[in-house]
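*Asks:*
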Amino acid sequence: MSLQVSWVRHRDVHLLTVGRYTYTSDQRFRAIHQPHSEDWTLQIKYPQHRDSGVYECQVSSTPHLSHFIHLTVIEPDTEIVGGPELFIDRGSTINLTCVVRHSPEPPAYIFWNHNDAIISYSSTRGGVSVATERGETSRSVLLIQKARPSDSGNYQCNPSNARTANVTVHVLNGEHPEAMQHGGNQRMGPSLGALAFISYVLLVYC
């Protein structure tokens with residue numbers, strides 16, 4: 007006998023899917039079922055905070071079966087320490103630390119940009135390096151030695167699974183604003199265990 011599987015969102019008691027048919031105007035939701043398989047999946051594309059809550063998988067068996075899933079959508083946070091502006095002495099070391107918190111899984115990569123161009127660590131300028139540590143809290147440290155005026159501008163940290171963060175760097179000659187960084191010694195903290203995975207396409211199995 008073929009069983010019917012339905013998904014219900016409890017926040018507003020909304021019937022989302024019955025079988026492979028969708029009963030919501032929100033096109034991010036759809037049911038996935040492989041023929042001859044007992045797996046029924048509710049897919050939510052681009053999950054948002056408002057999607058958090060209880061979802062019920064109902065099976066039209068005798069007796070009636072239900073399974074409840076509590077979904078929490080986590081949005082990672084990205085910060086460049088000391089931003090949004092840093093003032094650096096000419097000839098000192100620019101030390102930029104990007105921190106990614108609350109990420110369900112570590113970012114696959116973290117890119118750095120300077121004035122919208124990807125930073126090359128093997129350019130003829132030399133003295134540019136990066137160290138990245140991934141975990142529950144991920145950190146990427148960009149070091150630029152012997153800062154020069156051409157190093158001024160906007161720096162952007164681009165994690166693969168989180169929003170970008172920006173900082174404006176000013177390389178100065180002999181001036182000393184309060185926010186001056188003197189080739190700081192920021193250190194990378196210990197990595198922590200990864201959280202449960204929720205990405206741009208979220209799958210809930212029944």
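In the numbering used here, each residue carries its 1-based index in the sequence shown increased by 6. From the three backbone atoms N, C-alpha and C, an ideal C-beta is built for every residue, glycine too. Small disclaimer: the values here were computed from a predicted structure and weren't measured.
Mind the definition here: the segment 80-90 touches the segment 162-174 only if three or more C-beta pairs lie below 8 angstroms; say whether that holds.
*Replies:* At 8 angstroms Cβ cutoff, the stretches touch.
*Asks:* Would Gly159 and Val175 be called neighbours here (beta carbons separated by less than 8 angstroms)?
*Replies:* Translated into positions along the sequence shown, residue 159 becomes position 153. Translated into positions along the sequence shown, residue 175 becomes position 169. Yes. Within cutoff.
*Asks:* So is Leu148 buried or exposed if we call it buried at 16+ other beta carbons inside 10 Å?
*Replies:* In the sequence shown, the residue the question calls residue 148 occupies position 142. Leu148 comes out buried.
*Asks:* Could you pull the DSSP bridge partners for Thr23 from this structure?
*Replies:* Along the sequence shown, one-based indexing puts residue 23 at 17. The partner list for Thr23 (beta bridge, DSSP) reads Trp13, Thr28.
*Asks:* Considering only C-alpha positions, which residue in the set Ser144, Thr130, Gly89, Gly97 is nearest to Pro117?
*Replies:* Position 111 of the sequence shown, counting from 1, holds the residue named residue 117. Note that residue 117 corresponds to Phe in the displayed sequence, not to Pro. Per the Cα distances, Ser144.
*Asks:* Only counting the same chain, and skipping five residues up and downstream in sequence, which positions put a Cβ closer than 8 angstroms to that of Gln54?
*Replies:* On the sequence shown, position 48 is the one that residue 54 refers to. Result list for Gln54: Val79, in chain order.
*Asks:* Please classify Thr23: is it buried, with 16 or more other beta-carbons within 10 angstroms of its beta-carbon, or exposed?
*Replies:* Taking the sequence shown and counting its residues from 1, one reaches residue 23 at position 17. Its Cβ being crowded by 16 or more others within 10 Å, Thr23 is buried.
*Asks:* For the pair the segment 87-104 and the segment 53-68, tell me if three or more CB-CB distances fall below 8 angstroms.
*Replies:* Too few Cβ pairs lie closer than 8 angstroms, so no.
*Asks:* Leaving out five residues on either side along the sequence, give the residues of the same chain with a beta carbon under 6 angstroms from the beta carbon of Ala137.
*Replies:* Here residue 137 refers to the residue found at position 131 of the sequence shown. Excluding positions up to five away in sequence, the list reads Val147.
*Asks:* From this set, His20, Asp122, Val19, Glu44, which residue's C-alpha is nearest Gln10's C-alpha?
*Replies:* In the sequence shown, counting from the first residue as 1, residue 10 sits at position 4. Nearest option by C-alpha distance: Glu44.
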